[in-house]
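Notes to accompany the following structure.
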Amino acid sequence: MASGLWLVAIFMAYRNWKQELEDERPPRVVPWGFIARCAVVFVLLCTLAAGALWVWPGYLLAKPWQRPGPAPAELVIYFSNDVHGNLEPCGCTPQRWGGIARARGLLKGQDQSCRLLVDVGDAVAGKEHWQVLGWQQYLQALTTMGYQAANIGISELALDAETLRATAKDSPLPLLSCNVQDEKGQPLTKPWRQELIANLRVTVVGVVVPSATTKLGAGVRVADADEQLSRILGDLRKQTDVIVLLASADPAAMQRLAQAHPEVDVLLGGRVPQASREVELVGSCRLASLANNGQMIGEMTLGINPDGTAAGATSRMIVLDNDVPEDPQMLELVAGYNAQLERLNRTGGLAALGVEAVPAPAGAGRYVGAATCGQCHAKAYEIWEKTGHSSAYGSLTRRGRDANPGCVVCHVVELGAADGFRGPTITPDRIGVQCESCHGRGSRHVAARRNGENTARMGKVSPKSCDACHDCIHSPAFDYASYWQKIKH
Ligand code: HEC
Ligand code: HEC
Ligand code: HEC
Ligand code: HEC
7 MASGLWLVAI
17 FMAYRNWKQE
27 LEDERPPRVV
37 PWGFIARCAV
47 VFVLLCTLAA
57 GALWVWPGYL
67 LAKPWQRPGP
77 APAELVIYFS
87 NDVHGNLEPC
97 GCTPQRWGGI
107 ARARGLLKGQ
117 DQSCRLLVDV
127 GDAVAGKEHW
137 QVLGWQQYLQ
147 ALTTMGYQAA
157 NIGISELALD
167 AETLRATAKD
177 SPLPLLSCNV
187 QDEKGQPLTK
197 PWRQELIANL
207 RVTVVGVVVP
217 SATTKLGAGV
227 RVADADEQLS
237 RILGDLRKQT
247 DVIVLLASAD
257 PAAMQRLAQA
267 HPEVDVLLGG
277 RVPQASREVE
287 LVGSCRLASL
297 ANNGQMIGEM
307 TLGINPDGTA
317 AGATSRMIVL
327 DNDVPEDPQM
337 LELVAGYNAQ
347 LERLNRTGGL
357 AALGVEAVPA
367 PAGAGRYVGA
377 ATCGQCHAKA
387 YEIWEKTGHS
397 SAYGSLTRRG
407 RDANPGCVVC
417 HVVELGAADG
427 FRGPTITPDR
437 IGVQCESCHG
447 RGSRHVAARR
457 NGENTARMGK
467 VSPKSCDACH
477 DCIHSPAFDY
487 ASYWQKIKH
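First residue of the sequence shown: 7, per the working numbering; consecutive thereafter.
Okay, structure coming up:
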């Protein structure tokens, strides 16, 4: 282009000069000197243009990525999944498992020469402000731990497009997804990341397969996973030794992806009820999955052939139990997060933390608090007062976790309901696990009984209602018969 313009300019100058010569009508002389100079300039320009054309497309088009040296014998992949905002173990039982401090404690102790560290997703607990802050802290923690990438999981899809875009932009750790987009079909994150690990060319690709019931955040669109993968995997295969796909998807979708995309060497997932015990071979793809609220780290050891291609693999799940040392730097990060929540709570209460205040369903009545129930059920009240349920909020204040909604939720009367717990000073009568945590809203029953009517009956409490709080993580020893004996009234 530039050289073309130069040529035109030179030609015009020559014509002008010739015209002037003709105007003055001098004897016709051939300007050999001028022509020679033009020729030199022309040759120079051509050489420059050819040089530029040779170098330029190398940058524009994907330059074949060469392995700079011999491939290592194996690649060790550590992966996390399903952390759901659990930056720390809950401390509900002496068995304090999981948390980022133990995760780093474990990873520090492993061989660090040839490894890949990735997060499959479902790292965010929800879309409320405090949960998004927790997710961003988690990404920060993963960066400090030396992670190379994190995938957008199904839980992350609940966030709005702007939050996803802003987090991906600010995150020190690359967030990946080849099929999460905004409403205009623009990608919200990078689709993949390439990394040279001990001479091995490794490409990590992110993908998510939401279920039919997944609610997408405002402005978020999820493109078809297979279509997007088919578009990019062929080219990636040509310049990579190992392709690792992070797939936040249910077991059936994971199998389908592994079968449909033979380019993928390793597939890590997913939305599974239980972590896989060993590597599953689906077609030529090595598949492993992990669950359990960040109580475990997955480890896959992938054999590498001399030509850099993937060979056999083994995997194991490492439980982050009490034997794994806690890393002090991560403990500080967790403390910083809780301090941040406390500051927000002090200045603006639960609203500043983004905890919703959903009105009670129509016809359900309202919460009235245990003291009101106690007016007529004196004996039940007396028994309840002596149980841990009545002092459950105190267990949090003692540990400095009373501003963390992730803890508060099971230690008060329905957090998130407009007539439930809204703060210790705003609703002191909703502190602790109360009668209505199990029996449900009581205002209609109270009104009826005060009128001497036997209409609004409270109904039976199902043993299942305990499970919402006494789940396998927060109360692993739970057994209805023996637990009921301790709070029987
Ligand atoms: C899913 C509900 C749930 C969540 C979330 C939860 N807890 Fe608990 N917590 C429980 C249950 C249930 C128990 C009783 C466990 C048992 O005795 O089997 C408990 C017990 C405790 C106890 C022990 C009380 C004692 O002295 O015996 C502490 C302390 C505690 N939780 C702190 C926390 C903290 C801190 C968090 C947040 C990081 C948290 N909990 C989050 C349900 C929850
Ligand atoms: C709203 C959440 C929630 C529900 C529902 C719930 N619990 Fe609890 N439970 C807790 C928490 C939190 C603790 C720990 C209290 C503390 O801080 O000491 C606890 C502790 C207990 C304890 C130990 C109490 C003590 O005094 O040592 C028993 C027993 C128990 N729960 C039984 C049950 C049974 C049985 C049910 C179902 C009928 C049930 N809980 C339903 C949250 C709940
Ligand atoms: C004005 C008095 C009064 C108040 C306040 C009251 N109740 Fe009752 N409740 C009764 C009477 C009377 C009965 C029937 C006799 C009995 O079982 O003790 C009853 C029965 C019950 C029953 C058995 C099922 C049923 O409906 O017959 C449950 C459970 C119950 N109440 C829970 C509660 C709870 C929880 C609260 C607080 C939200 C509460 N009550 C407040 C008077 C009251
Ligand atoms: C941890 C859950 C839980 C808490 C907290 C709780 N209850 Fe219950 N309550 C039950 C269960 C379970 C039963 C037995 C099954 C049933 O009758 O529904 C029961 C039974 C009752 C009954 C007898 C019902 C009948 O049919 O005879 C009354 C009355 C009652 N509770 C009132 C209260 C009052 C008042 C409080 C608060 C001071 C309270 N409960 C706190 C779970 C709870």
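We treat Cβ as the ideally placed atom computed from N, Cα and C, and that holds for glycine.
Quick caveat: nothing in here was measured; it's all calculated off a predicted structure.
On a CA-only basis, which of Y486, I158 and S290 is nearest G223? Give me that one, please. I158
Tell me the DSSP bridge mates of I437? V418
Exposure label - N87; buried when at least 16 CB within 10 Å: buried
Using the Cα positions of G152 and N185, report the straight-line distance between them to the nearest angstrom. 25 Å
Does the Cβ of L50 have 16 or more other Cβ atoms within 10 Å, making it buried, or fewer, making it exposed? L50 comes out exposed.
Tell me whether H504 counts as near ligand 3, meaning its Cβ is closer than 6 Å to at least one heavy atom of that ligand. Outside the modelled stretch of the chain, which goes from 7 to 495, sits residue 504, for which no answer is possible.
Can you find a heavy atom of ligand 2 that lies under 6 Å from the Cβ of Y489? yes
C-beta contact flag for C444 and S481 at 7 Å: no
Starting from the N-terminal end, write out each residue whose C-beta falls within a distance shorter than 6 Å of any non-hydrogen atom of ligand 3. V374, T378, C379, Q381, C382, H383, C441, E442, H445, G448, H451, V452, R455, R456, R463 and M464
With hydrogens ignored, establish whether the beta-carbon of R108 is closer than 6 Å to any heavy atom of ligand 1. no
Between the C-alpha atoms of P63 and G422, what's the straight-line distance to the nearest angstrom? Because P63 carries a pLDDT of 43, less than 50, the predicted location of this residue cannot be relied on, and no value is offered for it.
Give me, in chain order, the residues of the same chain whose beta-carbon lies closer than 8 Å to that of G140; leave out the 5 immediate sequence neighbours on both sides. G91, L93, V130, A131, Y343 and G412
Taking the runs of the alpha helix (DSSP H) that are 4 residues or longer, which of them lie wholly in the region 115–170? 135–150
Go ahead and label G46 buried or exposed: buried means 16 or more other beta carbons lie within 10 angstroms of its beta carbon, across all protein chains shown. Checking the sequence shown, residue 46 turns out to be Val, not Gly. Classification for V46: exposed.
Kindly indicate which residue of L252, G371, L81 and G97 has the alpha-carbon position closest to the one of I479. Each of L252, G371, L81 and G97 was checked against the Cα of I479, and the nearest Cα belongs to G97.
Who are the Cβ neighbours of H451 in its own chain at under 8 Å, not counting the five residues just before and after it? Once the five neighbours on either side are set aside, the close Cβ partners of H451 are G371, A462, R463 and M464.
Taking 7 Å as the threshold (C-beta atoms), are I310 and P78 in contact? yes
Just the Cα atoms here: how many angstroms apart are A68 and L182? Because A68 carries a pLDDT of 45, less than 50, the predicted location of this residue cannot be relied on, and the following value inherits that uncertainty. Roughly 20 Å between the two C-alpha positions.
Going by Cα to Cα distance, which pick from D256, V208 and P312 is closest to I515? Past the edges of the chain, shown from 7 to 495, lies residue 515, and the structure says nothing about it.
What would DSSP say about A341, mapped onto helix, strand or coil? Reduced to three states, the DSSP call for A341 is helix.
Helix, strand or coil for A357, going by three-state DSSP, please let me know. helix
Which one of Y373, A259, T209 and D232 has the shortest CA to CA distance from G314? T209
For Q137 and E442, what's the separation of their Cα atoms in angstroms? 26 Å
Taking 6 Å as the cut-off, does the CB of V467 come closer than this to any heavy atom belonging to ligand 4? yes
What are the partner residues of Y84, as DSSP defines its beta bridges? Y84 is bridged to L123 and E305.
How is Y486 classed by DSSP in three states: helix, strand or coil? Correct three-state label for Y486: helix.
Pairs of beta-carbons, one from the region 244–253 and one from the region 211–226, closer than 8 Å: are there three or more? yes
For ligand 1, is there any heavy atom lying closer than 6 Å to the beta carbon of H476? Yes; taking the cut-off as 6 Å, the Cβ of H476 has a heavy atom of ligand 1 nearer than that.
Near S449, what residues of its chain come up, given a Cβ to Cβ distance below 6 Å and the 5 sequence neighbours on each side ignored? G371, R372 and V374
Check: A398 C-beta below 6 Å from any heavy atom of ligand 2: True, at least one ligand heavy atom lies under 6 Å from that Cβ.
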